[in-house]
Amino acid sequence: GDEMQDGVSYIVLGFLAFQLLSNIIQDGCNVFTQSSSWITSARLPLSLFIFRDITRILIVFVFNAVGAAIILIWHGYSLPPGFLWCLTGLVATVLNAFWVYLFLGVLVARFKDLFHLITAILRLGFFISPVMWVPTGEGMRSLIALYNPLTHFIAIIRDPLLGQPTPWLSWQIVGAITVI
């Protein structure tokens, strides 16, 4: 019934948002190492490589969103009023992608093994992010969710699509991360 549909929607949309964040972090690590031959042979701005990769990530996201939409429609999902607020979450995520690419790209270009550590942490991040579980109550899960920045990026994308208000705290944390 409705609980099954809500559960499927919660997981599918959470996974879609997490996949976008995961792709941004992983590809951000390799943006300069994968483009090293171009960087050393031509005088091109480094931002060009960042924008190219972010564009590719967004194209992959659109394909993933189509797959998610098919699953959601199959389970009887319909768009709630206010669903377009998820676009603000996507814009905030893409704005953050630029500095993530720049920061991680430079760091991994200098310390190449750091990519493997970040990938391992990201795998753990899937389990400590509320993709398949709901952060409710006062326990350890709620604390982990509160201090996990991925939680807040997932919320600003997923919550409007679920017809839920996005917590103001999530917008504040994403805003602070964007400004810093």
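With the first letter of the sequence shown counted as 1, position 106 gets the number 86 in our numbering; the numbers rise by one all the way through.
For every residue, glycine included, the Cβ atom is placed at its ideal position computed from N, Cα and C.
Since this is a predicted model, take the numbers as computed values, not measurements.
Just how far apart, CA to CA, sit L142 and T73? One C-alpha to the other measures close to 18 Å.
Span separating the alpha-carbon of V179 from that of F31: A question about residue 179 goes unanswered here, because the residues of the chain that appear run from -19 up to 160.
Does the Cβ of D33 have 16 or more other Cβ atoms within 10 Å, making it buried, or fewer, making it exposed? Answer is buried; the Cβ neighbour count reaches 16.
Segment contact flag, the region -4 to 10 with the region 39 to 57, C-beta cutoff 8 Å, min 3 pairs: When C-beta atoms of the region -4 to 10 are compared with those of the region 39 to 57, three or more pairs fall below 8 Å, so the two segments count as touching.
Of the residues N76, C66, S15, L59, the one placed nearest I157, counting alpha carbons only: Ranking the options by Cα distance to I157, first place goes to N76.
Contact under 8 Å by Cβ, T56 with P140: Residue 56 is actually Gly in this sequence, not Thr. No, they are not a contact pair.
Buried or exposed, going by whether 16 or more other CB atoms sit within 10 Å of the CB of P25? P25 is exposed by the Cβ-count criterion.
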